[in-house]
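Colleague: Quick one: the structure is below, and I'll ask about it shortly.
In the UniProt record's numbering, the protein residues as written are 1 to 206.
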């Protein structure tokens with residue numbers, strides 16, 4: 001198994017892994033073209049990070065994506081690519097226009113709201129592994145790699161958001177990996193969420 005930066009050729013495989021790992025999630029319902037645009041931004045837009053885990057045959061079996069400076073990353077993405085994301089969401093709009101219009105902008109450009117107690121905090125937006133390979137510690141390897149990469153690029157801490165309800169295994173995974181629950185909140189779409197943070201060694205919690 002190897003972990004490296006994603007390339008253009010990896011994007012279709014990343015989208016496929018996302019669809020299988022998160023088949024019932026809102027962003028998945030917007031279709032592969034939408035997901036391709038999103039992961040393209042993490043891979044190639046300044047401040048984005050997209051790492052892939054490949055098996056011995058070179059096939060992508062997992063990924064982790066996010067941003068070094070979420071505020072500037074998502075502000076720029078919204079300004080420059082907002083219309084493109086809207087176009088890419090048309091298949092989802094046609095299936096359920098009211099739901100999609102209500103949640104689209106929030107879901108795509110929501111950056112987790114950087115905790116006020118943290119400085120130079122990176123965001124882990126998405127991490128996924130092929131369902132058939134869950135339980136082989138691949139998520140743990142991807143998370144450790146992502147932490148190392150964002151730390152090497154100037155981040156002193158990392159945060160993420162995840163569902164509070166019906167999500168005990170995921171929350172336990174992050175806590176076991178050294179994360180702490182920083183706060184709880186309710187998204188605009190009504191989801192109860194947890195914000196978890198991890199401060200890297202040598203950094204301080206300001």
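Every residue, glycine too, gets a C-beta built ideally from N, C-alpha and C.
Computed from a prediction, not measured in an experiment: that's the story for all the values here.
What three-state label does DSSP hand residue 163 in the structure shown?
Modeller: Residue 163 falls in the strand class under three-state DSSP.
Colleague: When you compare only the Cα positions, how much space is there between residue 163 and residue 140?
Modeller: If I take the Cα positions, the gap works out to 19 Å.
Colleague: Pull up the DSSP beta-bridge partners for residue 180, would you.
Modeller: Its beta-bridge partners are 197.
Colleague: Between residue 56 and residue 45, what straight-line distance do the alpha-carbon atoms span, to the nearest angstrom?
Modeller: Answer to the nearest angstrom: the Cα atoms are 28 Å apart.
Colleague: Give the DSSP bridge partners of residue 5, in chain order.
Modeller: BP columns for residue 5 point to 51.
Colleague: Might you give, ordered along the chain, the residues of its own chain that have their beta carbon closer than 7 Å to the beta carbon of residue 40, omitting 5 neighbours on each side?
Modeller: Taken in chain order, the residues that qualify are 11.
Colleague: Between which two residues does the beta strand (DSSP E) holding residue 121 run?
Modeller: Run containing residue 121: 121-129, per the beta strand (DSSP E) assignment.
Colleague: Have a look at residue 22 and residue 63 and give me their C-alpha separation to the nearest angstrom.
Modeller: Rounded to the nearest angstrom, the two C-alpha atoms are 13 Å apart.
Colleague: May I ask you to report which of helix, strand or coil DSSP gives residue 158?
Modeller: The answer is strand: DSSP assigns residue 158 an E or B state.
Colleague: Quick check: what's the CA-CA separation for residue 83 versus residue 74?
Modeller: For residue 83, the predicted model reports a pLDDT of 49, less than 50, meaning its position is unreliable and no value from the coordinates is stated.
Colleague: Could you check what DSSP says for residue 73 in three-state terms: helix, strand or coil?
Modeller: The answer is helix: DSSP assigns residue 73 an H, G or I state.
Colleague: Assuming residue 125 contacts residue 178 (C-beta within less than 8 Å), just tell me the rounded distance between them.
Modeller: Not confirmed; about 19 Å, so no contact.
Colleague: Using 8 Å as the threshold, is the stretch 150-161 in touch with the stretch 130-140, meaning 3 or more CB pairs across them?
Modeller: Touching, no, given that fewer than three Cβ pairs across the two stretches are closer than 8 Å.
Colleague: Report the partner residues of residue 240 according to the DSSP bridge assignment.
Modeller: One cannot answer for residue 240 here, as it falls past the ends of the chain, which runs 1 to 206.
Colleague: Does the distance from the CB of residue 59 to the CB of residue 6 come in under 8 Å?
Modeller: No.
Colleague: According to the neighbour-count rule (16 or more other Cβ atoms, all chains shown, within 10 Å of its Cβ), is residue 195 buried or exposed?
Modeller: So residue 195 ends up on the buried side.
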